[in-house]
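Inspection log for the structure reproduced underneath, given as structure tokens.
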RNA sequence: GCCGCUAUGGUGUAAGUGGUUAACACGCAGGCCUCUCAAGCCUGAGAGUGCGGGUUCAAGCCCCGCUAGCGGCACCA
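Numbering (my numbering), first residue to last: 37 to 534.
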């Protein structure tokens, strides 16, 4: 691995000097809860749960143009589905504007910031020009050098003004990131950034620092896209006379083409994964492994309890993580298989309800039967959607016949029609009707007629389910039940020629 | 352009303070089991650790340079 990690790390270092872990997830409601945000939220949640800390939800909606209440709802919906419950909040930054303004004025008073009367459009044009010429451009600090009298005059004249931070002209700003180690930046490479816009709204740097301090955040766990901005925030903490919290930046999540995850990579919102039939449990597991590892690559299927137990900032990697959809599917299948039918019950029920296949009796007098079917299906399922597709023949008499299966299993052998009719007859008077007796009857019939049992088995499989791929045939027969099985065998036989 | 970060099979991770044949998982190929598929079990292909130097008896781990990728550089967050 590359450079040295935070040296001599000890588990207890994670919580040194803080009596109580307080972490937050602070999305800006300019979009739904996407994979990257969900991963960040999960890391914070795991950390809080591991140390018995407090997980806070804060909505960074200071960009009025781009924020919307619907997006806040969407983010909350995603977090709820993922099971990431928060202990405080949601706090809305839009309701705390007075605080940011007061703090910004404090910095002006203490000499750490100054009023800037420059025209934003003019500055943007200059920046634009410099960028086009591949030149570096930095705000030249025009207003930093204004005399007190001049400042007073412009204020009196009602000039619109922003507040800029007075970045030290020399020296370096450094901090220790729990993941990336020592980060050091020369102050001359940081421009006098805006704290408060002329419309009175704070910029990100101001609101995030003020809130994290005000909310006594102990650890800031967020995406590495904020790493480069952290020195500015450290500068702010110092100017306020506050001790910065522990920083831990997590690598970004990229698509298979190593580009930043975007719409063209398909599903980006976590609710899209819910709709595809992913289990929250599996999603937490998969997301946790995006940029974090417990250190043992052979143990990847982890229940949430284990994730909480194993999670540590030290296990966060520095290289960007690549989102591997195939692996997510595999992981979902593993969780599906590992969970009991009873655990799966509410999820499967929700899927069936969406398809209009749910019946109240499945939760009442036929619950036992229903759970048995879930157990049969879960072994082969990759997503919850599979319970409605491959489960349809058990929950409904209206299911599709796969033409290929029909051709292969029903129409290839002309003896099939007679065999199915005979099988139906024998099943009809079979008592009891269970795994052993149905198998004895079917194999007996095959032997009598001199055909391989497989011929009857595959024919029955397709006749009963419309498919060529199902659980073991006798499980299927018993699950479908004598009455329906007999009827389907006869109905299908009727469509076949001798 | 400036600043910062990263670099181990196709993908995700291992390989405590440098020390055998670079391991595990996903995926892939083949086989076993078998009523299909999945699961399970067995076997196999696939990297010599981005590139180039250096230090050392010994480098994936340390140092330097380069390249590439990613991120940041807004009165966005």
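Idealized CB from N, CA, C, for every residue including glycine.
Keep in mind it's a predicted model, so treat the numbers as computed, not measured.
Is residue i helix, strand or coil by DSSP?
{"i": "residue 238", "result": "strand"}
{"i": "residue 145", "result": "helix"}
{"i": "residue 38", "result": "Confidence is the limiting factor: at residue 38 the pLDDT is only 29, short of 50, which leaves the residue's position unreliable and the question unanswerable from this model."}
{"i": "residue 217", "result": "strand"}
{"i": "residue 56", "result": "coil"}
{"i": "residue 328", "result": "strand"}
{"i": "residue 296", "result": "strand"}
{"i": "residue 517", "result": "coil"}
{"i": "residue 254", "result": "coil"}
{"i": "residue 271", "result": "helix"}
{"i": "residue 337", "result": "coil"}
{"i": "residue 231", "result": "strand"}
{"i": "residue 545", "result": "In the structure as shown, the chain begins at 37 and stops at 534. Residue 545 is therefore absent and cannot be evaluated."}
{"i": "residue 314", "result": "coil"}
{"i": "residue 417", "result": "coil"}
{"i": "residue 395", "result": "coil"}
{"i": "residue 468", "result": "coil"}
{"i": "residue 243", "result": "helix"}
{"i": "residue 248", "result": "helix"}
{"i": "residue 279", "result": "coil"}
{"i": "residue 400", "result": "coil"}
{"i": "residue 67", "result": "coil"}
{"i": "residue 114", "result": "helix"}
{"i": "residue 504", "result": "coil"}
{"i": "residue 100", "result": "coil"}
{"i": "residue 498", "result": "helix"}
Between which two residues does the alpha helix (DSSP H) carrying residue i extend?
{"i": "residue 382", "result": "377 to 391"}
{"i": "residue 93", "result": "No alpha helix (DSSP H) contains residue 93, which is instead part of the beta strand (DSSP E) from 90 to 95."}
{"i": "residue 430", "result": "428 to 431"}
{"i": "residue 413", "result": "403 to 414"}
{"i": "residue 263", "result": "No alpha helix (DSSP H) holds residue 263; DSSP gives it neither H nor E."}
{"i": "residue 306", "result": "306 to 311"}
{"i": "residue 471", "result": "471 to 485"}
{"i": "residue 424", "result": "421 to 425"}
Over what stretch of residues does the beta strand (DSSP E) that includes residue i continue unbroken?
{"i": "residue 209", "result": "208 to 213"}
{"i": "residue 285", "result": "282 to 286"}
Which residues share a DSSP beta bridge with residue i?
{"i": "residue 509", "result": "The partner list for residue 509 (beta bridge, DSSP) is empty, contrary to what the question assumes."}
{"i": "residue 61", "result": "93"}
{"i": "residue 222", "result": "208"}
{"i": "residue 74", "result": "According to DSSP, residue 74 bridges with nothing at all."}
{"i": "residue 491", "result": "Answer is none; residue 491 lacks a bridge partner."}
{"i": "residue 357", "result": "289"}
{"i": "residue 352", "result": "328"}
Does the beta-carbon of residue i, which I'm using as the reference point, lie nearer than 7 Å to any heavy atom of the ligand SAM?
{"i": "residue 167", "result": "What this structure holds is no ligand at all, so the ligand SAM is not there to describe."}
Next on the checklist: Three or more C-beta pairs under 8 Å: does that hold for the stretch 318 to 332 against the stretch 341 to 359?
Outcome noted: yes
Checklist entry - Unbroken alpha helix (DSSP H) runs of length 4 or more, entirely within the stretch 118 to 204: which are they? => result 133 to 145, 156 to 168 and 184 to 192
Checklist entry - Does the stretch 506 to 524 come close enough to the stretch 400 to 418 that 3 or more CB-CB pairs lie under 8 Å? => result yes
Checklist entry - Is the stretch 55 to 66 in contact with the stretch 243 to 253, if contact means three or more CB pairs nearer than 8 Å? => result yes
Item to check | the stretch 289 to 296 contacting the stretch 393 to 403, beta-carbon criterion three pairs below 8 Å | outcome: no
Checklist entry - Are three or more beta carbon pairs between the stretch 219 to 239 and the stretch 189 to 204 nearer than 8 Å? => result yes
Item to check | Any alpha helix (DSSP H) of 4 or more consecutive residues that is wholly inside the stretch 429 to 464 | outcome: 452 to 464
Next on the checklist: Three or more C-beta pairs under 8 Å: does that hold for the stretch 273 to 285 against the stretch 249 to 263?
Outcome noted: yes
Next on the checklist: Does the contact criterion of 3 or more C-beta pairs under 8 Å hold for the stretch 151 to 164 versus the stretch 173 to 180?
Outcome noted: yes
Item to check | Cβ contact (3+ pairs, closer than 8 Å) linking the stretch 324 to 333 and the stretch 347 to 355 | outcome: yes
Checklist entry - Any contact of the stretch 449 to 458 with the stretch 488 to 500, i.e. 3+ C-beta pairs under 8 Å? => result yes
Next on the checklist: Using 8 Å as the cut-off, can you tell me whether the stretch 201 to 211 makes contact with the stretch 262 to 277, which would need three or more C-beta pairs spanning the two stretches below that distance?
Outcome noted: yes
Checklist entry - Taking contact to mean at least 3 C-beta pairs separated by less than 8 Å, is the stretch 80 to 94 in contact with the stretch 120 to 138? => result yes
Item to check | the stretch 355 to 371 / the stretch 380 to 391 touching (three or more Cβ pairs under 8 Å) | outcome: no
Item to check | the stretch 434 to 448 / the stretch 470 to 478 touching (three or more Cβ pairs under 8 Å) | outcome: no
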